[in-house]
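Numbering (my numbering), first residue to last: 325 to 487.
Heads up: the structure comes next, in structure tokens.
Below, the structure is given as structure tokens:
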């Protein structure tokens, strides 16, 4: 397993540009809230740490991970956001529902990003067990919310520098 014994949130702060002046939104799934609330906490803290003003951060909740792509689309259509971080948690169950949700979310996030030519960040955990989700939302493998925030900052910075 690629994440075995690794904290994937460790990063070189000198390689993260300032988020000052950026406008970033976060869409958060309410389903599996014990996990998604930790992802949100990590993403928000990281964005603020790198200079995003709280006034330039908007946070919006949706019922589940499947609704994240539509939320991203709404945010691009109705706000001046430059990137949307999508945070969710889908945990494997006994049916194929997991597969359909994960496929729809990943495809939808990609489609919205390409449609609007803006970053939509995939911060959705797709784990086999609750423990794996706990480990990736502030546990031994770091916090996917942190990683998603850094990705958003880097992608907005890239867009601004090559525009």
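All C-beta atoms, glycine included, are put in the ideal place defined by N, C-alpha and C.
DSSP links residue 343 through a beta bridge to no other residue.
Bounds of the alpha helix (DSSP H) holding residue 435 are 421 to 440. When the Cα atoms are used, residue 415 and residue 439 turn out to be separated by approximately 28 Å. Annotated three-state conformation of residue 411 is strand, per DSSP. Here the C-alpha atom of residue 346 lies approximately 12 Å from the C-alpha atom of residue 408. At the C-beta level, residue 343 and residue 381 stay beyond 7 Å of one another. Fully enclosed alpha helix (DSSP H) runs of no fewer than 4 residues occupy 357 to 373, 392 to 402 of the region 351 to 404, in order along the chain.
Distance from the Cα of residue 386 is smallest, within the candidate group 376, 378, 350, 458, for 350. For the 7 Å CB-CB criterion, residue 399 and residue 363 do not form a contact.
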